[in-house]
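Report on the structure given below.
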Amino acid sequence: MTFGQKSFTPTPPDKGSFPLDHEGHCKKEMLRYMLCMRANKNDNSSCRLQTKAYLNCRMDNNLMAKEDWSKLGLVCNKMSDNLLKSLLSNSETSLDDGDVRRRKRVLIGCTGSVAAIKTAIIGSDLLRQDVDVRIVLTESARNFFRRDDFEPREQVFTDRDEWGMWKGRGDP
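Using our numbering, you'd call the opening residue of the sequence shown number 39 and step up by one each time.
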């Protein structure tokens, strides 16, 4: 510390806050939880087993302080633990082995440069590889294309489309 400089004392994070999982230790559990939330319209009471698995993983990897399950609103008993293990082992195969097939998605942003001419070609090549393609064109980029340059399965959006779809917070 130099003269005139204020001293800095680090403080631990507040209870309830925990570090990010930079190394992805609990990524599978987090994805299962998020998929469950999406499938149940963000009703977390339907995703209690996934919640418990995710928090358990975070505690096991020291990403959060170990807490009693009752304090977290998750009662721990032998039956729920066995059910949790069996459900997670069954769902592990569906996530890892591709039972739930997920197409790759590509969003192409295109500005008004001459290179924009290649956008339609790139989009159709990606479609042949079974990729979900969406293209966003600026007004300047539209000068390089006709609508029939794109295949019908390619979804092409412009600024006008974005503002036409938007009505309020939470809209696409």
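Using N, Cα and C, we set each Cβ at its ideal position, and we do this for glycine too.
Exposed unless 16 or more other CB atoms sit within 10 angstroms - verdict on residue i
| i | result |
| --- | --- |
| residue 89 | buried |
| residue 69 | exposed |
| residue 93 | buried |
| residue 91 | buried |
| residue 161 | buried |
| residue 61 | exposed |
| residue 199 | exposed |
Rounded C-alpha distance that separates residue i from residue j
| i | j | result |
| --- | --- | --- |
| residue 57 | residue 105 | 16 Å |
| residue 189 | residue 72 | 33 Å |
| residue 107 | residue 82 | 16 Å |
| residue 193 | residue 186 | 12 Å |
| residue 79 | residue 181 | 41 Å |
| residue 59 | residue 86 | 21 Å |
| residue 207 | residue 163 | 35 Å |
| residue 152 | residue 205 | 34 Å |
| residue 150 | residue 197 | 13 Å |
| residue 74 | residue 167 | 29 Å |
| residue 146 | residue 45 | 49 Å |
| residue 184 | residue 201 | 21 Å |
Close-in-space but distant-in-sequence residues of the same chain around residue i (CB under 6 Å, 5 per side omitted)
| i | result |
| --- | --- |
| residue 96 | 64 and 102 |
| residue 195 | 174 |
| residue 112 | 90 |
| residue 84 | 78 |
| residue 159 | none |
Cβ neighbours of residue i in the same chain (closer than 8 Å, five flanking residues each side left out)
| i | result |
| --- | --- |
| residue 148 | 154, 157, 173, 174, 175, 176 and 179 |
| residue 170 | 141, 142, 143 and 144 |
| residue 76 | none |
| residue 191 | 165 and 171 |
| residue 43 | none |
Beta-carbon proximity list for residue i, same chain, < 7 Å, skipping 5 on both sides
| i | result |
| --- | --- |
| residue 99 | 63 and 64 |
| residue 110 | 93 |
| residue 47 | none |
Bridge partners - residue i, DSSP secondary structure assignment
| i | result |
| --- | --- |
| residue 146 | 173 |
| residue 193 | 172 |
Problem set entry | Ranges of the alpha helix (DSSP H) found wholly within the region 65-105, counting only runs of at least 4 | 65-77 and 86-98
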